[in-house]
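Trainee: One line per chain: the protein sequences are B and L, in this order. Heads up: the first sequence runs through residues -7 to 262, numbered per this note's numbering. Heads up: the second sequence runs through residues 86 to 577, numbered per this note's numbering. Beta carbons: idealized from backbone N, C-alpha and C, even for Gly. Here the structure is a predicted model, which means the values were calculated and not measured. Could you have a look at this structure, given as structure tokens, before my questions?
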Amino acid sequence: MTALLELEGVSKSFGGLRVIDGLDLAVNEREIVSVIGPNGAGKTTLFNLITGLYHPDAGQIRLEGRNLVGLAPHRITKLGIARTFQTLRLFLNMTVKENVMAAQYGRTKAGPFRSIVRTPGMRREEREIHQRAEEKLAFFGKRLMGYRWDQPAYSLSYANRRRLEIARAMAAEPRILLLDEPAAGMNPVETHEITELIAKLRDDGGYTILVIEHDMHVVEGISDRVTALDHGVKIAEGSFEQVATDPKVIEAYLGIGAAEEEADADAAPA
Amino acid sequence: MSEPERPAAPNASDAAGRPKIGVDEWVASAEERHERSRGLGGLVSRGWEGSPAEAKLIVFVALASTLPFWMNEGELFSYGLYTLLYALLALGLNIVVGFAGLLDLGYVAFYGFGAYGYALFSSNHYGLHWQAEASIPLIVLGTAAVGLILGLASRRLLGDYLAIVTLFFAQAFVAFVNNSNPKVAGEGLTGGPNGIPGVDPLNFFGFKLHSTKQYYFFLLIVFSLAAVGLYFLNNSRTGRAWRALREDPLAAEAMSIPVNRLKILAFMFGAGTAGLTGTIFAAIQTGVVAGNFDVALLITIYAIVILGGLGSIAGVLFGAIVINVSTQFLAPSNDHPELKRWLFYGAILLIAAKIRPWSRTAAVFVGTAAFGFVVHAIASGISSDWTNGTVVDAGSAASAIRNWVIVPSGHTGFQTWAYIVLVAAIVVTSQLKGWWRMAALIPTLYWVAVVWENVLVQQSAVTALILFGVLLIALMQARPQGLLGTARVEIV
């Protein structure tokens, strides 16, 4: 079975700094894969490469066997990859619903002239856009419903902005969702909620999900597989337990020797 | 004073048994209470926001249709026709700057392109005399094509860079039209500094528009259609994509919006609208010269769009009314010269009335009046030539002005000094605080009147620009989003 998303030998340098170095990665249909790694490991760069914001220096990125390298970001999104931003890049002065409606651009057709004269086809499409936006927002329970639709996005709380980012990405109707730190800045209750939501996105929404996350409880709760990066190189891959106990991963997070110390500490009481 | 009804903080079903602190519904209700303004202003703004767009359009068209019945030909021309012309022109700029957020300083070149296009196709210049139903669509498409070219060339530019490149384009257009005048078909193409005279009136299928009234109604129909079309466009997929690109081009691109294509589309729609307005302008003027499309017009159009509120179609119309009517009041050819005086003192009063509390406002007004009489008495006591100058365009307020404002005769250089003193006085007043500021405000206000009566009243063009500047500064303080615009938040 070929994977839905495949990266093969992808490399990216900024000046002399190799941010991603010969990375291979495969994400299968309806799988949740987490990418972990210390700050500066190249996780967000990986997302920028997949979504076409950066072009790789070498290697291939394939969606269902189709090479994405060199395509414009909006083309890649149209082909089925949508993302959220770690730093939150909502359309702040548009309403909550408009944010979600805007992301359906690539899935709709009505041109400017048809919009000006409001042809029946354009009006039908517009109704569908509204309906789909409401569906996506309903995914978050009551968080983004009702009176919130007409509020500008800047009036939302931080956690709701993260939810709206996800709703907006969903509205692009992708096969794969790339979530960049969906739980960052959330309180424990909200973190718990987002963990459940990501599972629901896969189970009910049918999305394949690639997620960057620092909160290990979230990673443990959702991941089918975990990939650990350090200095742009994949240092471990497998189930959460395998990766979390991998000496290289512990070393990357805690420093050289930490893995041995931990092994010693484990050994001592025995 | 009753507390507005507070929506009960809903107990989200998925939040059962969780801490209530930070329930965001409660925060939202608090914000709502804060934003709802009281009094007449609140009533007006709520009424405005509450009424549907169709109703606003009908009211506007109904009111505008009455104009020809109570205005004479000249008034209809300068107040009615020109307001609509500016409004239509600003509507196009609003697409580029308001909807898509692109700082396009080359906009008037498209207007000029449309005007020259019509002048070439329908005038004695080449003797072509095309009918308007043939030349206008062709020119609109041609101008949109020029917009496409400029858009293609600058599609990767944003902000300051885009502003500079488009400004070059505008200047290049004026320079070309003025100086180049290449020989095409045995005739200079642009007529050089003389422009192209003898442009035909608009002529649709043999029906010629020949009176101001006909042009006015034609323009009213064109403007209404354009406004409705753009309203629909703004509320469509394309409009949302433009707003998204204005907010965050990178996120828009990542959300399947082809940013470059939409930028070019905005340029084309803006250019097409400007081209259309240009054709009508050329027909109304029965001639074109390069001077019609200079930076002063660009400033006027930007002032209209910013004053009305970026991105608001009704705001564009409102801005056009305010700017054009005040410009016409200040015009030297105005039939009612005292109108400009009322406009000036009215604007000053409006700004000064912002002082709070009211007792202080009253004190400043009374103080300024008294200060004036005292200064006038002293000046005429020293020498009568300090107060016996001629009051320009005195009108109904002549005697009041003659006894209050000093208008010297025979003191050359007074005008220059008065102006410099005014600038200094404004700077000093703005630096002072509290009671000192109030005290300094009285002579400053009086000196504003002196400068007006001695200098500005005779120099309408300068006054208009100063007035726009003051108006925009005052607006920036009071309502940064423009009169009818929605407040935008840049960083939160």
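#1: Report all residues from its chain with a CB closer than 7 Å to the CB of I68 of chain B; omit the five preceding and five following residues, and keep chain order.
#2: Check for me: the beta strand (DSSP E) holding I227 of chain B runs from which residue to which?
#3: Listed in chain order, which residues of the stretch 46 to 70 of chain B have Cβ atoms closer than 9 Å to some Cβ of chain L?
#4: Taking DSSP as the reference, what is the three-state secondary structure of L(-3) of chain B?
#5: Pairs of beta-carbons, one from the stretch 357 to 375 of chain L and one from the stretch 105 to 114 of chain B, closer than 8 Å: are there three or more?
#6: Report yes if the CB atom of I233 of chain L is closer than 8 Å to the CB atom of T362 of chain L, and no otherwise.
#7: Go ahead and label L526 of chain L buried or exposed: buried means 16 or more other beta carbons lie within 10 angstroms of its beta carbon, across all protein chains shown.
#8: Give the DSSP-derived three-state secondary structure of F289 of chain L in the structure shown.
#9: Rounded to the nearest angstrom, what separates A175 of chain L and A270 of chain L at their Cα positions?
#10: Taking only beta-carbon atoms, is S321 of chain L less than 8 Å away from chain B?
#11: Measuring straight from C-alpha to C-alpha, what distance separates P104 of chain L and M178 of chain B?
#12: Return the chain-ordered list of same chain residues with a C-beta closer than 8 Å to the C-beta of T183 of chain B, the five sequence neighbours on each side being excluded.
#13: Are any of the Cβ atoms in chain L nearer than 8 Å to that of E126 of chain B?
#14: Quick check: A164 of chain B and G98 of chain B, are their CB atoms within less than 8 Å of each other?
#15: I want to see whether chain L comes within less than 8 Å of P180 of chain B, judged by CB atoms only; does it?
#16: Bridge partners for R54 of chain B per DSSP, in chain order?
#17: Need the endpoints of the alpha helix (DSSP H) that G314 of chain L sits in, please.
#18: Would you give the residue range spanned by the alpha helix (DSSP H) that G452 of chain L belongs to?
#19: Strictly below 8 Å CB to CB, what residues from chain L border P104 of chain B?
#20: Measure from the C-beta of E173 of chain B to each C-beta in chain L and report whether the shortest distance is under 8 Å.
#21: With distances taken Cα to Cα, identify the nearest neighbour of G34 of chain B among B:E90, B:K4, B:E118, B:K240.
#22: Considering G393 of chain L, what are the terminal residues of the alpha helix (DSSP H) in which it resides?
#23: Please report the straight-line C-alpha distance between V512 of chain L and F429 of chain L, rounded to a whole angstrom.
#24: 8 Å is my cut-off, CB to CB: does T43 of chain B come that close to chain L?
#25: Using a Cβ-Cβ cutoff of 9 Å, what residues of the stretch 70 to 91 of chain B are near chain L? List them in chain order.
#26: Kindly list, in the order they appear in chain L, the residues whose Cβ is closer than 7 Å to that of E120 of chain B.
#27: Answer yes or no: does any C-beta atom of chain B fall closer than 8 Å to that of L223 of chain L?
#28: Quick one: residues in its chain with C-beta nearer than 6 Å to the C-beta of V25 of chain B, no 5 flanking neighbours on either side, listed in chain order?
#29: Can you grab the Cα-Cα spacing for the pair V146 of chain L / F253 of chain L, in whole Å?
#30: Could you name the residues of chain B that A405 of chain L contacts, counting a contact when the two beta carbons are closer than 8 Å?
#31: Of the choices L:Y246, L:I180, L:F195, whose alpha-carbon is the least far from that of L226 of chain L?
#32: Can you find a CB in chain L that lies within less than 8 Å of the CB of A130 of chain B?
#33: Could you give the distance in angstroms between the alpha-carbon of T514 of chain L and the alpha-carbon of T529 of chain L?
#34: Measure from the C-beta of L335 of chain L to each C-beta in chain B and report whether the shortest distance is under 8 Å.
#35: In the DSSP assignment, the alpha helix (DSSP H) including A33 of chain B goes from what residue to what residue?
#36: Can you find a CB in chain B that lies within less than 8 Å of the CB of P343 of chain L?
Mentor: Let me lay it out:
#1: T43, G44, L60
#2: 225 to 230
#3: A64, P65, H66, R67, I68, T69, K70
#4: strand
#5: no
#6: Reading off the sequence, residue 233 of chain L comes out as Leu, not Ile. In this structure, T362 of chain L does not lie closer than 8 Å to L233 of chain L by Cβ.
#7: buried
#8: strand
#9: 35 Å
#10: yes
#11: Because the pLDDT of P104 of chain L is 41, which lies under 50, any placement of that residue in the model is unreliable, and the question is left without a value.
#12: A175, D207, H209, V210
#13: no
#14: yes
#15: no
#16: B:E(-2), B:N59
#17: 297 to 319
#18: 443 to 467
#19: L318, S321, T323, L350, F354
#20: no
#21: B:K4
#22: 380 to 393
#23: 20 Å
#24: yes
#25: K70, A74, R75, F77, R81, L82, F83, L84, N85, M86, E90, N91
#26: The contacting residues do not exist; E120 of chain B stays about 11 Å from chain L at best.
#27: no
#28: V19, L202, R217
#29: 38 Å
#30: In chain order: nothing, as chain B lies at least about 21 Å away.
#31: L:F195
#32: no
#33: 8 Å
#34: yes
#35: No alpha helix (DSSP H) contains A33 of chain B, which DSSP labels as neither H nor E.
#36: yes
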